[in-house]
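Trainee:
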Amino acid sequence: SHIRVLISNLMYAQTIEIFDSAWETFKSKCEEKFPIFFNYFKKMSFERKGFWSKAWRPAASFHTNNMIESYHNQLKSFYLTRPHNKRVDRVVYTLSKLVVCDYRTEHAQVELGIREMKLIIAEMARRKVAESIDTTTAYSMVRLDPLSENVVNIDNKLIFFI
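Under the numbering used here, the residues of the sequence shown are numbered -1 to 160, in order.
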């Protein structure tokens, strides 16, 4: 449970400086006591900290995997309904043929104006704010990072992968 607290400190660090401090604490507590876990965590998670630490994602609307779990539940409920039919080849077929087809159909309907895009309340509020900003101001708020080819805001914080 002590390690869980240390990881939570990394995950919910508000700034990069707080994250760096939490990382040093994590490192000092775990590197010698749990070298296998520490090396695994460093290799698999530390290098990707921008994806999971709040310090790099201050504007993110969620910081847990609850949304992913909810989506997974929807996939199981609507597409993978038969419990005895969970072979890997069947799951891959279902995802690649049925789910992708449904996404493409829904996307085409939204693009053609046949159907409205479903947004949660927070997304609708952000969309309203975004639409109120004129184009010139919006373009001045972001730039394309020439090295990574990602879109970043004026504080060099990643906001979109290309």
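C-beta: ideal position from N, C-alpha, C; glycine also.
Just mark Ala53 as buried or exposed, buried being the case when its beta carbon has 16 or more other beta carbons within 10 Å.
Mentor: Taking the first residue of the sequence shown as 1, we reach residue 53 at position 55. Flag for Ala53 reads buried.
Trainee: What separation, rounded to the nearest whole angstrom, lies between the Cα atoms of Ile160 and Pro144?
Mentor: Stepping through the sequence shown from its first residue, residue 160 is reached at position 162. Stepping through the sequence shown from its first residue, residue 144 is reached at position 146. Reliability of the predicted coordinates at Ile160 is poor, the pLDDT of 45 falling under 50, and the value obtained from them is presented with this limitation in mind. Looking at the two C-alpha atoms, the distance is approximately 11 Å.
Trainee: Indicate the three-state DSSP secondary structure (helix, strand or coil) for Leu93 in the structure shown.
Mentor: Within the sequence shown, residue 93 is the residue found at index 95, counting from 1. Of the three classes helix, strand and coil, the one that applies to Leu93 here is helix, per DSSP.
Trainee: Do Tyr77 and Leu96 have their C-beta atoms closer together than 7 Å?
Mentor: Taking the first residue of the sequence shown as position 1, residue 77 is located at position 79. Taking the first residue of the sequence shown as position 1, residue 96 is located at position 98. Against a cut-off of 7 Å, the Cβ pair of Leu96 and Tyr77 comes out as a contact.
Trainee: Do you know how far the Cα of Leu4 is from the Cα of Asp45?
Mentor: By 1-based counting over the sequence shown, the position of residue 45 is 47. By 1-based counting over the sequence shown, the position of residue 4 is 6. Residue 45 is actually Glu in this sequence, not Asp. If I take the Cα positions, the gap works out to 17 Å.
Trainee: For Leu142, write down the residues that DSSP places opposite it in a beta bridge.
Mentor: Reading the sequence shown from its first residue, position 144 is the one you call residue 142. Partner(s): Val149.
Trainee: Using the Cβ count rule (16 or more neighbours within 10 Å means buried), how would you classify Asn24?
Mentor: The sequence position of residue 24 within the sequence shown is 26, counting from 1. Checking the sequence shown, residue 24 turns out to be Phe, not Asn. With 16 or more Cβ atoms within 10 Å of its Cβ, Phe24 is classed as buried.
Trainee: Classify Cys99 as buried or exposed, calling it buried when 16 or more other Cβ atoms lie within 10 Å of its own Cβ.
Mentor: Indexing the sequence shown from 1 puts residue 99 at position 101. That one is exposed.
Trainee: Mind checking whether Ser43 and Met9 have CB atoms under 7 Å apart?
Mentor: Along the sequence shown, one-based indexing puts residue 43 at 45. Along the sequence shown, one-based indexing puts residue 9 at 11. No. Outside cutoff.
Trainee: Between the Cα of Gln72 and the Cα atoms of Gly48, Leu93, Arg55, Arg88, which residue gives the shortest distance?
Mentor: Within the sequence shown, numbered from 1, the residue matching residue 72 stands at position 74. The residue with the shortest Cα to Cα distance from Gln72 is Leu93.
Trainee: Where does Ala123 land, buried or exposed, given buried means 16+ other C-beta within 10 angstroms?
Mentor: Sequence index remark: in the sequence shown, residue 123 carries index 125 (1-based). Exposed, by the Cβ-count rule.
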